[in-house]
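Heads up, the thing below is written out as structure tokens.
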Amino acid sequence: AALQYLRSHPLDPLDAADFERACGVGVRVSPEQIEEAVEAVISRHREELLAERYRFNMGLLMGEARSRLQWADGKSIKNEVDLQVLHLLGPKTEADLEKKPKVAKARPVQEEKQKAPVVENGEVGTEVKSLLEQLRGEALKFHKPGENYKTEGYVVTPNTMALLKQHLAVTGGQVRTRFPPEPNGILHIGHAKAINFNFGYAKANGGVCFLRYDDTNPEKEEEKYFTAIREMVEWLGYQPYAVTHASDYFDQLYSWALELIRRGQAYVCHQKVEEIKGHNPPPSPWRDRPVEESLLLFEDMRKGKFGEGEATLRMKLVMEDGKMDPVAYRVKFTPHHRTGDKWCIYPTYDYTHCLCDSIEHITHSLCTKEFQARRSSYFWLCNALDVYCPVQWEYGRLNLLYTVVSKRKIIRLVETGAVRDWDDPRLFTLTALRRRGFPPEAINNFCARVGVTVAQATMEPHLLEACVREVLNEQAPRAMAVLEPLKVTITNFPAPETIDVLVPDFPADDSRGSHKVPFQPTVYIEETDFREELDKGYKRLAPGQPVGLRHAGYVIAVQNVIKNASGRVMELEVTCTKSEAAEKPKAFIHWVAEPLPCEVRLYERLFLHKNPEDPAEVPGGFLSDLNPVS
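Count along the sequence shown from 1, then add 36; that gives the number in my numbering.
Encoded structure:
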């Protein structure tokens with residue numbers, strides 16, 4: 037209670053009397069009060085207690101009694117519960133001591149393999165809640181807007197409360213999140229979780245979400261990526277509150293960099309990239325150079341007087357992972373997609389990210405777990421400049437087996453001709469999944485099934501495919517099709533030429549419409565639906581084993597098998613019987629008559645191993661693991 041109070045009252049002076057009251061100082065709990073509280077709880081659960089006896093969860097009684105008497109001694113409550121339960125039920129009998137038989141829970145088929153673990157509170161939910169349910173305020177242990185200081189690790193300065201007050205005046209207490217992709221590649225399945233989490237959290241809590249392009253790396257950005265990213269966000273069903281760019285704030289970021297130098301918190305450094313890299317690099321010999329000197333040199337950097345790699349602006353802090361003095365600005369003589377050649381110095385992610393969040397008054401900066409090591413630098417920079425400081429929250433990445441999603445590796449696959457482009461249907465980029473026919477709802481449902489976990493989730497592709505089937509089952513009208521046709525002639529066809537057959541568009545629900553299909557003396561069935569030899573467990577067409585023609589109302593039986601010179605089956609001659617008159621067949625198969633030719637693309641996995649990037653599984657590198665028949 038004391039820690040809770042201090043967290044909610046971060047500023048001095050502390051009201052000692054109010055503090056002690058909140059901590060229960062001086063509160064006396066009498067044995068009579070404990071007795072009454074336990075009595076009330078037991079009478080509430082009396083029926084269940086009598087039915088379940090000592091198998092009843094006594095912890096429940098303890099918990100309820102404790103919540104009625106916050107300051108009572110736990111041991112005294114336990115003794116009172118034991119006493120009153122004994123009084124109600126009498127001593128334990130032989131039957132009470134027997135182990136409770138385990139009841140097997142019935143599970144829905146689809147959920148057998150994958151349960152959505154629900155966030156962090158120690159309990160794992162077995163039910164797949166919708167993403168919005170998982171993201172509502174009470175389901176997640178996130179702070180309320182304006183109560184940033186209640187978050188563990190949040191740094192409170194003398195200006196924090198005033199800045200939070202101004203922040204609330206701007207946002208009106210509304211939740212604000214952002215999705216900040218780099219426009220240097222196409223979004224993949226892992227980004228779908230980030231989109232769902234950022235846009236979904238805002239939506240579930242009545243807030244807004246910005247789409248902010250993190251365009252601080254001019255040489256890798258292309259217009260096609262900007263367009264494709266926005267398209268994918270909208271395809272998944274989300275509308276950004278505003279579309280912004282880190283480059284919108286370059287002027288403000290530059291003036292803050294000058295302020296950081298003036299405050300003695302940043303300096304111009306000439307160490308080479310190789311010297312700064314790696315574990316435990318030597319501290320910069322320029323760390324303590326005079327403020328005026330750094331200001332002049334930073335101005336020279338801006339004017340293009342230094343070559344690339346000759347000077348950087350570094351911030352004076354040590355990060356969680358031991359990385360010292362991260363770079364804030366570097367020299368790059370590359371025109372920018374939006375600002376042209378106005379700048380030849382560009383800010384880094386470590387410098388830009390938290391300040392853009394601050395400018396946009398983001399309440400919850402949600403990012404993947406690998407950014408946890410940057411949380412302290414995030415808080416440090418906002419506080420070093422005395423600007424509003426949002427809260428960074430981390431969640432686990434979503435990875436899929438049998439694929440690669442890194443931009444660099446997909447570019448290699450395209451360059452080597454292993455795939456056609458970013459939207460090749462064997463990839464797991466969002467444009468590829470859309471082209472393959474995966475509905476956006478299925479991708480969102482998959483993210484919900486994975487759950488809002490803090491741990492990294494690595495999933496099998498078939499779980500995503502199960503979500504796709506669930507949605508298509510509801511949405512996609514059916515048609516009969518045959519991929520490898522085998523000609524079948526019905527020798528006793530019951531009509532002079534064609535019979536029109538009504539085929540339901542959705543076999544599970546006839547009321548959703550149907551279409552007509554011609555049924556004729558010549559039909560085509562799938563080659564694999566016929567075997568000359570009848571094997572155990574084989575249920576489709578074979579000599580001596582009839583099969584039903586789906587939706588036609590007829591059962592066919594083989595009379596004659598016609599082969600070519602090399603012994604390949606070319607045609608079957610069969611007789612047909614009306615379904616009502618025939619014995620029920622073991623299977624019903626697809627067929628077509630007067631068919632329309634069509635192109636069908638069948639895809640297998642692109643890689644042979646679960647983890648194509650793991651040298652232990654694939655010593656030759658991911659390009660050596662390509663499936664030759666994908």
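Even glycine gets a Cβ: it sits at the ideal position worked out from N, Cα and C.
Residue 654 places its beta carbon 9 angstroms or farther from that of residue 663.
Secondary structure at residue 190: coil, using DSSP grouped into helix, strand and coil. Exposed is the label assigned to residue 62, since fewer than 16 other Cβ atoms lie within 10 Å of its Cβ.
Residue 296 sits away from residue 276, with the two beta carbons spaced by 9 angstroms or more.
In this structure, residue 567 keeps its C-beta atom at 9 angstroms or more from the C-beta atom of residue 560. In the structure shown, residue 626 adopts coil according to DSSP, grouped into three states. The Cβ-Cβ distance between residue 190 and residue 403 does not fall below 9 angstroms. Under DSSP, residue 262 takes part in no beta bridge, so it has no partner. Distance between residue 346 and residue 367, taken at the CA atoms: about 8 angstroms. Each residue's CA atom was taken as its position, placing residue 227 and residue 600 some 54 angstroms apart. With a beta-carbon spacing of about 7 angstroms, residue 475 and residue 511 fall inside the 8 angstroms limit used to define contacts. Scanning its chain for C-beta atoms nearer than 6 angstroms, with the 5 sequence neighbours on each side dropped, one finds around residue 222 the residues 264, 458, 465 and 467, in chain order. When the five nearest sequence neighbours on each side are left out, the beta carbons in the same chain lying within less than 6 angstroms of the beta carbon of residue 553 are those of 537 and 539, in order along the chain. Note on the region 275–342: whole beta strand (DSSP E) runs with a minimum of 3 residues are 278–281 and 302–305, in chain order.
Contact between residue 349 and residue 304 holds: their C-beta atoms lie close to 6 angstroms from each other, under 8 angstroms. When C-beta atoms of the region 356–374 are compared with those of the region 335–345, three or more pairs fall below 8 angstroms, so the two segments count as touching. With a 10 Å radius around the Cβ and a threshold of 16 neighbouring Cβ atoms, residue 498 comes out exposed.
Under DSSP, residue 44 takes part in no beta bridge, so it has no partner. Less than 9 angstroms divides the Cβ of residue 611 from the Cβ of residue 593.
In this structure, residue 480 places its C-beta atom within 9 angstroms of the C-beta atom of residue 273. Straight-line measurement puts the Cα of residue 281 at about 15 angstroms from the Cα of residue 379.
Going by DSSP, residue 636 is part of no alpha helix (DSSP H) at all; its letter is neither H nor E. Runs of the alpha helix (DSSP H) lying entirely within the region 451–534 and spanning at least 4 residues, in chain order: 466–472, 476–486 and 497–511. For residue 570, the closest alpha carbon among the candidates 591, 622, 531 and 589 is that of 622. Assigned with DSSP and collapsed to three states, residue 245 falls in strand. Residue 67 sits in a helix when the DSSP states are folded into three classes. In the DSSP annotation of this structure, residue 93 is not part of any beta strand (DSSP E), being labelled neither H nor E. If you compare the alpha carbons of 212, 233, 94 and 325 with that of residue 486, the shortest gap goes to 233.
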